[in-house]
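Enquirer:
Chains as they are written, first to last, in the working numbering: chain A, 643 to 857; chain B, 93 to 345.
See below:
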């Protein structure tokens with residue numbers, strides 16, 4: 643059985659007979675590709691059976707975290723979403739595809755444009771107040787034109803995005819993070835609370851659980 | 093209140109006018125049109141000539157209907173069962189269109205019950221019946237079969253009924269929609285009621301004052317989800333409802 647999380651920028655595909663998922667740029671996907679079970683923004687295009695992203699996130703989070711109380715925040719390329727569990731029950735959820743738009747996508751664009759690597763690094767001292775990727779860009783360009791280094795300007799932007807995501811998740815004491823931005827150390831360290839990065843395969847883990855139940 | 097109906101064949105209503113007014117329209121065989129619902133193909137954007145863009149989508153819809161429909165009269169309830177925004181909209185329409193505008197204050201207290209809210213019909217059908225019932229002076233002779241609830245929908249009838257489709261048929265209706273069926277739109281106590289035993293979506297139109305009450309009640313409910321939506325439901329809003337029902341067991345599974 644093949645399951646997949648078809649994200650906006652990257653797709654994660656797993657053959658359940660093999661242990662390691664493949665990561666493919668979504669723009670490079672073969673349009674004729676078909677999988678058995680999918681989630682993600684582009685999932686309905688490639689699968690007979692589709693699972694809502696929040697459901698896949700919640701199921702994957704429960705399996706990976708193994709606690710009754712947790713808040714799991716997924717920061718994707720085009721949106722941010724969270725699920726909160728209390729006493730083993732769903733307590734709250736949120737999905738921001740509008741005001742949280744394109745934050746992950748913008749970070750990746752900026753990294754490539756300025757040739758920066760944020761897989762290492764520390765949280766910057768200061769932040770930019772950003773509400774979405776598009777609006778935050780002007781802060782970066784202004785700061786660079788005023789003499790700030792490109793790395794510092796983008797790092798402040800990333801910190802602003804992390805703080806924005808933290809408020810969106812209702813400012814918890816601890817956050818479990820999901821999504822490709824888990825590999826961005828500046829992002830992970832910029833949350834003003836305890837963080838645990840679970841990586842980019844949480845939704846796949848949720849699909850695995852759902853696939854197990856179907857079998 | 094006695095409304096002059098000479099020559100009036102078609103009247104638009106906004107909100108829930110008093111039963112006495114509805115009875116008067118019924119007796120005079122006036123065709124009643126609910127202006128809260130999207131009735132014309134014109135874009136919501138054309139309301140911007142009279143209302144700000146950031147405004148309740150229901151009232152923007154009222155304005156679009158008022159500008160595009162050939163009506164003899166518009167009756168807008170601006171009582172405690174509606175909102176300040178409706179009163180302002182009534183004043184603006186009275187100033188800007190030729191159709192006569194009459195405002196009412198519905199303070200009816202006689203309860204007509206909630207058989208539709210607690211029935212086993214699909215939620216979308218329930219809401220269609222509740223909104224259609226506003227123009228009727230009575231309730232249907234037969235009631236749909238009741239069912240025990242597995243989920244709740246609290247709020248006003250949404251501008252975009254498509255958000256109702258993910259709910260199971262065993263969803264009971266609360267909030268102002270319940271007051272509408274009961275023909276007591278100003279009954280604040282009934283509006284604030286919910287069933288703590290079933291997962292409930294607390295819905296309000298974006299930019300409506302009821303967003304505060306919806307959010308407050310969702311926080312008090314042991315298993316509530318607050319949701320506000322503007323003119324049309326986004327894919328993420330629909331997905332939130334689906335996920336909430338699935339993960340909370342509200343879909344009965």
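C-beta atoms are modelled at their ideal positions from N, C-alpha and C, and glycine is treated no differently.
Could you name the residues of chain A that residue 340 (chain B) contacts, counting a contact when the two beta carbons are closer than 9 Å?
Expert: Taking the first residue of the second chain as position 1, residue 340 (chain B) is located at position 248. Going along chain A in sequence order, the residues near residue 340 (chain B) (Cβ under 9 Å) are 731 and 732.
Enquirer: Counting only Cβ-Cβ distances shorter than 8 Å, please list the residues of the segment 698-710 of chain A near chain B, keeping chain order.
Expert: The segment 698-710 of chain A vs chain B, Cβ under 8 Å: 700.
Enquirer: Beta-carbon within less than 7 Å of residue 274 (chain B)'s beta-carbon, same chain only, minus the 5 sequence neighbours each way: which residues are those?
Expert: Against the second chain, residue 274 (chain B) aligns to sequence position 182. Within the same chain, residue 274 (chain B) has close Cβ partners 203, 204, 205, 206 and 282.
Enquirer: When the cut-off is 8 Å and only beta carbons count, does residue 721 (chain A) lie next to chain B?
Expert: In the first chain, the residue the question calls residue 721 (chain A) occupies position 79. Yes, residue 721 (chain A) counts as interfacial toward chain B.
Enquirer: Let me confirm a value: residue 101 (chain B) is counted as buried when at least 16 other C-beta atoms fall within 10 Å, else exposed. Which label applies?
Expert: Position 9 of the second chain, counted from the start, is the residue given in the question as residue 101 (chain B). The residue is exposed, with fewer than 16 neighbouring Cβ atoms inside 10 Å.
Enquirer: Please compile the residues from chain B whose C-beta is within a distance smaller than 9 Å of the C-beta of residue 735 (chain A).
Expert: The residue labelled residue 735 (chain A) in the question sits at position 93 within the first chain. Neighbours of residue 735 (chain A) on chain B, chain order: 317, 332, 335, 336 and 339.
Enquirer: Can you tell me where the alpha helix (DSSP H) with residue 208 (chain B) in it begins and where it stops?
Expert: As a first step, residue 208 (chain B) is located in the second chain; it is residue number 116 there, counting from the start. It is not in any alpha helix (DSSP H) - residue 208 (chain B) carries neither H nor E in the DSSP assignment.
Enquirer: Output the residue ranges of the alpha helix (DSSP H) runs that lie fully inside the segment 161-249 of chain B and measure 4 residues or longer, sorted by chain position.
Expert: The qualifying runs are 176-188 and 215-225.
Enquirer: Would you say residue 343 (chain B) and residue 260 (chain B) are within 8 Å of each other, going by their C-beta atoms?
Expert: Within the second chain, numbered from 1, the residue matching residue 343 (chain B) stands at position 251. Within the second chain, numbered from 1, the residue matching residue 260 (chain B) stands at position 168. Yes, the Cβ-Cβ distance between residue 343 (chain B) and residue 260 (chain B) is below 8 Å.
Enquirer: Does DSSP put residue 653 (chain A) in a helix, in a strand, or in coil?
Expert: Position 11 of the first chain, counting from 1, holds the residue named residue 653 (chain A). Strand.
Enquirer: Which stretch, first to last residue, makes up the beta strand (DSSP E) that contains residue 643 (chain A)?
Expert: As a position in the first chain, residue 643 (chain A) is number 1, starting the count at 1. Residue 643 (chain A) -> no beta strand (DSSP E), and no H or E assigned at all.
Enquirer: Residue 844 (chain A) to residue 681 (chain A), Cα distance in whole Å?
Expert: Start at 1 with the first residue of the first chain, and residue 844 (chain A) comes out as number 202. Start at 1 with the first residue of the first chain, and residue 681 (chain A) comes out as number 39. One C-alpha to the other measures close to 11 Å.
Enquirer: Which residues in chain B sit within 7 Å of residue 695 (chain A), going by Cβ to Cβ distance?
Expert: In the first chain, the residue the question calls residue 695 (chain A) occupies position 53. By Cβ distance, chain B contributes 331.
Enquirer: Within the segment 679-709 of chain A, note down every full alpha helix (DSSP H) run reaching 4 residues or more, in order along the chain.
Expert: Runs of the alpha helix (DSSP H) inside the segment 679-709 of chain A: 695-707.
Enquirer: Please report how far the alpha carbon of residue 772 (chain A) lies from the alpha carbon of residue 715 (chain A), in whole angstroms.
Expert: On the first chain, residue 772 (chain A) is found 130 positions in, with the first residue counted as 1. On the first chain, residue 715 (chain A) is found 73 positions in, with the first residue counted as 1. About 18 Å.
Enquirer: Can you find a CB in chain A that lies within less than 8 Å of the CB of residue 298 (chain B)?
Expert: The sequence position of residue 298 (chain B) within the second chain is 206, counting from 1. No, residue 298 (chain B) does not count as interfacial toward chain A.
Enquirer: Terminal residues of the continuous alpha helix (DSSP H) containing residue 138 (chain B)?
Expert: Position 46 of the second chain, counted from the first residue, corresponds to residue 138 (chain B). It is not in any alpha helix (DSSP H) - residue 138 (chain B) carries neither H nor E in the DSSP assignment.
Enquirer: Which residue wins for smallest C-alpha separation from residue 756 (chain A), given the options A:764, A:647 and A:786?
Expert: For this step, residue 756 (chain A) is matched to residue 114 along the first chain. Comparing Cα-Cα distances from residue 756 (chain A) to each of A:764, A:647 and A:786, the minimum goes to A:786.
Enquirer: Counting only the same chain and skipping the five closest in sequence on each side, list residues whose C-beta sits under 7 Å from that of residue 193 (chain B).
Expert: Along the second chain, one-based indexing puts residue 193 (chain B) at 101. Around residue 193 (chain B): 166, 168, 182, 185 and 186.
Enquirer: Based on the DSSP output, what are the partners of residue 264 (chain B) in its beta bridges?
Expert: Within the second chain, the letter at position 172 stands for residue 264 (chain B). Answer by DSSP bridge pairing, in chain order: B:244.
Enquirer: Could you give the distance in angstroms between the alpha-carbon of residue 695 (chain A) and the alpha-carbon of residue 683 (chain A)?
Expert: Position 53 of the first chain, counting from 1, holds the residue named residue 695 (chain A). Position 41 of the first chain, counting from 1, holds the residue named residue 683 (chain A). One C-alpha to the other measures close to 8 Å.
Enquirer: Counting only the same chain and skipping the five closest in sequence on each side, list residues whose C-beta sits under 7 Å from that of residue 699 (chain A).
Expert: Counting from one through the first chain, the residue named residue 699 (chain A) turns up at place 57. Within the same chain, residue 699 (chain A) has close Cβ partners 714, 716, 723, 725, 820, 844, 845 and 848.
Enquirer: Given a cut-off of 8 Å on the beta-carbon distance, is the pair residue 783 (chain A) and residue 808 (chain A) in contact?
Expert: Residue 783 (chain A) sits at position 141 when you count from the first residue of the first chain. Residue 808 (chain A) sits at position 166 when you count from the first residue of the first chain. It is not a contact, given that the beta carbons lie outside the stated cut-off.
Enquirer: With a cut-off of 8 Å, do at least 3 Cβ pairs link the segment 217-224 of chain B to the segment 130-138 of chain B?
Expert: The answer is no - the segment 130-138 of chain B does not touch the segment 217-224 of chain B, with fewer than three Cβ pairs under 8 Å.
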